[in-house]
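Those sequence lines, one after another, are chains A and B. Residues 1 to 335, numbered by our numbering, are exactly what the first sequence covers, in order. Residues 336 to 578, numbered by our numbering, are exactly what the second sequence covers, in order. Glycine is no exception: its CB is placed at the ideal position from the N, C-alpha and C atoms. Structure record follows, encoded as structure tokens.
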Amino acid sequence: MVEIKNLTKHYGKNIAVRNISFEIRDNEILGFLGPNGAGKSTTMNIIAGYLPSTEGTVTVNGFDITEQASEAKKSIGYLPEIPPVYPDMRVEEYMKFVAGLKGVRRGEVSAQVESAMERLHISDMRRRLIRNLSKGYKQRVGFAQALLGNPKLLILDEPTVGLDPAQVSEVRKLILDLKKDHSIIFSSHILAEVSAVCERVVIINKGEIKAIDTIENLERSMTANTILDLTVDGDTTKTIRILKDVRGVTKVSEPEAIGENRYHYQVELESEPVRNEIMSALVANQLGIVEMSMAKLSLEQVFLKVTENSGKKRSSLQDLLDETPEAPENPYDAE
Amino acid sequence: MFALYKKELQSFFYSPFAYVLAALFMFIFSISFVSSISDLGSNTLKFSFPNIFYNNFFYFIFIIPILTMRSFADERKGGTEVLLLTSPLSVTKIVLAKFLSVVTVFLFMMLTTLFFPIYASFSGQVMWSSLICVYIGFFLWGLVCIAAGLLLSSLTGNAIIAAVLGEIVMEGLLFLDTFAGSALVQSYPKFNSVVGWFSMQRRFVYFSQGMFRLEDLIFFLSAAAVVICWNILSIEKRRWSHR
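Quick look at the structure:
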């Protein structure tokens, strides 16, 4: 459906996106994941044909986005980060305008507008001025607009931002439903969302692709290094020394006190059998093992792992996301 | 393209915008109409509409930037530029649709001025042939100014800045004639003829005298076309360069 090859985008001396390649298959939901400022929006703008790339090609439905722009754009529905709505228009009027803009045949305009409004539950708002709508409704109008003209590819840039939890799950259902007729690329910095909806994920950070795979594979490949959750009674320095002495242990985390003289460690192992040696080493040194279990990395940890390169310690994903607050693309758009 | 044209027209006519500007224009026009009637001498009961039009253009030209200021600036500000540029429409068609919609509003405003000659024809005689000629000239000069106003609107994301820049450029266009007529420029005949050739005011004088010259028609049309192309290129360029 879509092929992205060696895409690079410079903004002056800054490189927003560096040599990325991936493809979106037919009837697939591809998650596009990355912290703010990672280059998600830039990439989506390029795929949608809004920004030209500095290098590389994007082919949509067999048409090059810069060479055969008009043909390629006919098969794209795009919901940008800021919903592209005119505050002075009424919802229905706006939808009809966009249908005309996208070259929907006159006889089909009403039917398409109706079904798109129906799908996003904005039919009740048809007579309202867009400027008077709440942020969530504006977002939905923007989403409905992307469905007009029945494009094969939907590009959704953070479609759930500004929606309340009920609406978020509604939109997720809608995206799953749309999969039947469309290929979808959908960006987010919320992991739960991506793992709930997407089959494959592209993780991007600082303009580079860090991983492309299915969610299961990502979780599995990241846990190739087995991680052991270990709770031990006894002196921490002694425990750490013993753990580090065991051959096959690659990393021991800082101890975390969870009770009197009781500490929790995360131990990374080269392979699973090392576990037995740890056990005998601890027992031989008369340290009491309270708990020992194999840990599985969640997508969140995978994400942290592939995006971590600043060396700073982050306690949670949210820290990572808060770290690089993205300047809003349009400071005037306070509405 | 028609959808965009229609939407642009609606944004003018569904809001008080076009009506207020048309009313302002009519108001200015009626003041000069009344004052030329009151200036009538006792021996000649004549006044010339072309003269009124000629004088009015100096006011009208400053209304144009207000008409065009929002066209592209507001699209950029509201983030709706993305919608237009990711639609199957080419940039050329987008610019043309916007241009034509402003031209339509301009025609509407010109239409309102017809009231005065029609009114005058009830109590006197109007020389319609020279009036038609001045209308054509007025329209052609307006085309160039609208194209320039649109270009300035596409250069910035702020409608007010677009309007202020527009006023400066309009003032510059008017000044070109004074500049060409200045003693300094006149002392270099070749330079003078070049500057004079670009002076739209001089060309408009021919129209207001009832002379329709092909040269002037081609000048105005090609000037408008050049500025429209510039506008298309500037939008393309901004996409391709870094922001």
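Buried or exposed: which applies to K313 (chain A), given that a residue is buried once 16 or more other Cβ atoms fall within 10 Å of its Cβ? Residue 313 (chain A) sits at position 313 when you count from the first residue of the first sequence. Its pLDDT being 43, under 50, K313 (chain A) is placed unreliably in this model, and the value from its coordinates should be taken loosely. It counts as exposed.
Note down the Cα distance separating S465 (chain B) from S458 (chain B), rounded to an integer number of angstroms. Counting from 1 along the second sequence, the entry for residue 465 (chain B) is found at position 130. Counting from 1 along the second sequence, the entry for residue 458 (chain B) is found at position 123. If I take the Cα positions, the gap works out to 19 angstroms.
Just list the beta strand (DSSP E) runs in the segment 193-253 of chain A, keeping only unbroken ones of 3 residues or longer that don't cross its boundaries, in chain order. 200-205, 208-214, 226-233 and 249-252
Compare the C-beta of Y354 (chain B) against all C-beta atoms of chain A and say whether one is closer than 9 angstroms. Sequence index remark: in the second sequence, residue 354 (chain B) carries index 19 (1-based). Judged by the 9 angstroms Cβ criterion, Y354 (chain B) is not in contact with chain A.
Whose C-alpha, out of B:C480, B:V530, B:L418 and B:L402, is nearest the C-alpha of K102 (chain A)? Counting from one through the first sequence, the residue named residue 102 (chain A) turns up at place 102. Measuring from the Cα of K102 (chain A), the nearest candidate turns out to be B:L418.
Can you pull the chain A neighbours of K342 (chain B), defined as C-beta to C-beta under 7 angstroms? Numbered from 1 along the second sequence, position 7 holds the residue referred to as residue 342 (chain B). What K342 (chain B) touches in chain A: F97.
Sequence ranges, beta strand (DSSP E) only - wholly within the segment 31-72 of chain A, length at least 3: 55-60
Terminal residues of the alpha helix (DSSP H) in which F554 (chain B) lies: Taking the first residue of the second sequence as 1, we reach residue 554 (chain B) at position 219. Here the alpha helix (DSSP H) through F554 (chain B) covers L549 to W575.
Determine, using beta carbons only, whether Y50 (chain A) and R574 (chain B) come nearer to each other than 9 angstroms. Position 50 of the first sequence holds residue 50 (chain A). Position 239 of the second sequence holds residue 574 (chain B). Yes, the Cβ-Cβ distance between Y50 (chain A) and R574 (chain B) is below 9 angstroms.
Below-9 angstroms beta-carbon distance, A111 (chain A) vs any chain B residue: As a working note, residue 111 (chain A) is residue 111 in the first sequence. Not an interface residue.
Given V113 (chain A) as reference, the closest of A:D229, A:L174 and A:E93 once Cα atoms are compared: As a working note, residue 113 (chain A) is residue 113 in the first sequence. For the residues A:D229, A:L174 and A:E93, the minimum Cα distance to V113 (chain A) belongs to A:E93.
With three or more beta-carbon pairs closer than 8 angstroms as the criterion, would you say the segment 210-218 of chain A touches the segment 254-268 of chain A? no
Residues that DSSP places opposite F22 (chain A) in a beta bridge: One-based indexing of the first sequence puts residue 22 (chain A) at position 22. Note: F22 (chain A) sits in a beta bridge opposite A:I4.
Can you check whether the CB of V161 (chain A) is closer than 9 angstroms to the CB of G413 (chain B)? As a first step, residue 413 (chain B) is located in the second sequence; it is residue number 78 there, counting from the start. As a first step, residue 161 (chain A) is located in the first sequence; it is residue number 161 there, counting from the start. No, Cβ-Cβ distance for G413 (chain B) and V161 (chain A) is not below 9 angstroms.
Distance between P87 (chain A) and L129 (chain A) (C-alpha atoms, nearest Å): Taking the first residue of the first sequence as position 1, residue 129 (chain A) is located at position 129. Taking the first residue of the first sequence as position 1, residue 87 (chain A) is located at position 87. Rounded to the nearest angstrom, the two C-alpha atoms are 7 angstroms apart.
Any C-beta of chain B under 9 angstroms from that of Q167 (chain A): Taking the first residue of the first sequence as position 1, residue 167 (chain A) is located at position 167. Cβ-Cβ to chain B under 9 angstroms: no for Q167 (chain A).
List, in chain order, every chain B residue whose beta-carbon is nearer than 9 angstroms to that of Y50 (chain A). Indexing the first sequence from 1 puts residue 50 (chain A) at position 50. Going along chain B in sequence order, the residues near Y50 (chain A) (Cβ under 9 angstroms) are E416, V417, L420, T421 and R574.
Can you find a C-beta in chain B that's less than 9 angstroms from the C-beta of K135 (chain A)? Taking the first residue of the first sequence as 1, we reach residue 135 (chain A) at position 135. Answer no: the Cβ-Cβ gap between K135 (chain A) and chain B never drops below 9 angstroms.
Give a yes or no on whether 9 angstroms exceeds the smallest Cβ distance from N19 (chain A) to chain B. Counting from 1 along the first sequence, the entry for residue 19 (chain A) is found at position 19. It does not; no Cβ of chain B falls within 9 angstroms.
Contact list for the segment 151-164 of chain A against chain B, Cβ threshold 7 angstroms: none
For the segment 3-19 of chain A and the segment 178-194 of chain A, state whether three or more C-beta atom pairs, one from each stretch, are separated by less than 8 angstroms. no
In the DSSP assignment, what residue or residues form a beta bridge with H10 (chain A)? Taking the first sequence and counting its residues from 1, one reaches residue 10 (chain A) at position 10. A:I15, per the DSSP bridge assignment.
With 9 angstroms as the threshold, decide whether the Cβ of Q139 (chain A) is near any Cβ in chain B. By one-based count along the first sequence, residue 139 (chain A) stands at place 139. So no, Q139 (chain A) is outside the interface.
Between V469 (chain B) and the rest of its own chain, which residues show a CB-CB distance below 6 angstroms, the 5 nearest in sequence each way excluded? Locating residue 469 (chain B) in the second sequence gives position 134, counting from the first residue. Correct list, in chain order: P385, F388, F542 and S543.
Going by DSSP, what residue range makes up the beta strand (DSSP E) through F186 (chain A)? On the first sequence, residue 186 (chain A) is found 186 positions in, with the first residue counted as 1. Unbroken beta strand (DSSP E) run through F186 (chain A): S183 to S188.
Report the CB separation of V246 (chain A) from V201 (chain A) in whole angstroms; it is logged as a contact under 8 angstroms. Numbered from 1 along the first sequence, position 246 holds the residue referred to as residue 246 (chain A). Numbered from 1 along the first sequence, position 201 holds the residue referred to as residue 201 (chain A). Not really, about 35 angstroms apart at Cβ, beyond 8 angstroms.
Are the C-beta atoms of S406 (chain B) and some chain A residue less than 9 angstroms apart? What you label residue 406 (chain B) is simply residue 71 of the second sequence in a count that begins at 1. Answer no: the Cβ-Cβ gap between S406 (chain B) and chain A never drops below 9 angstroms.
Assess contact between the segment 26-37 of chain A and the segment 45-62 of chain A, defined as three or more Cβ pairs (one per stretch) separated by less than 8 angstroms. Is contact present? no
Just the C-alpha distance for G484 (chain B) and I363 (chain B), rounded to the nearest angstrom, thanks. Taking the second sequence and counting its residues from 1, the one referred to as residue 484 (chain B) is at position 149. Taking the second sequence and counting its residues from 1, the one referred to as residue 363 (chain B) is at position 28. Their Cα atoms are separated by approximately 21 angstroms.
Using 8 angstroms as the threshold, is the segment 352-363 of chain B in touch with the segment 392-402 of chain B, meaning 3 or more CB pairs across them? yes
Chain B contacts from the segment 99-129 of chain A (Cβ-Cβ distance under 9 angstroms): A99, G100, L101, K102 and G103
For K210 (chain A), count neighbouring C-beta atoms within 10 Å of its own C-beta (all shown protein chains included) and say buried if the count is 16 or more, exposed if not. By 1-based counting over the first sequence, the position of residue 210 (chain A) is 210. Its Cβ being crowded by 16 or more others within 10 Å, K210 (chain A) is buried.
CA nearest to the CA of S70 (chain A), picked from A:P151, A:S280, A:S195 and A:T237: The count along the first sequence starts at 1 and reaches residue 70 (chain A) at position 70. Cα-wise, what sits closest to S70 (chain A) is A:P151.
Taking DSSP as the reference, what is the three-state secondary structure of Y470 (chain B)? Walking along the second sequence from the start, residue 470 (chain B) turns up at place 135. In the structure shown, Y470 (chain B) sits in a helix (DSSP, three-state: H, G or I).
Option in A:L174, A:G39, A:I240 and A:M1 with minimal Cα separation from D26 (chain A): Locating residue 26 (chain A) in the first sequence gives position 26, where the first residue counts as 1. With distances taken between Cα atoms, D26 (chain A) lies closest to A:M1.
On the CB-based measure, 16 or more other CB atoms within 10 Å of its CB, does S489 (chain B) come out buried or exposed? Position 154 of the second sequence, counted from the start, is the residue given in the question as residue 489 (chain B). With 16 or more Cβ atoms within 10 Å of its Cβ, S489 (chain B) is classed as buried.
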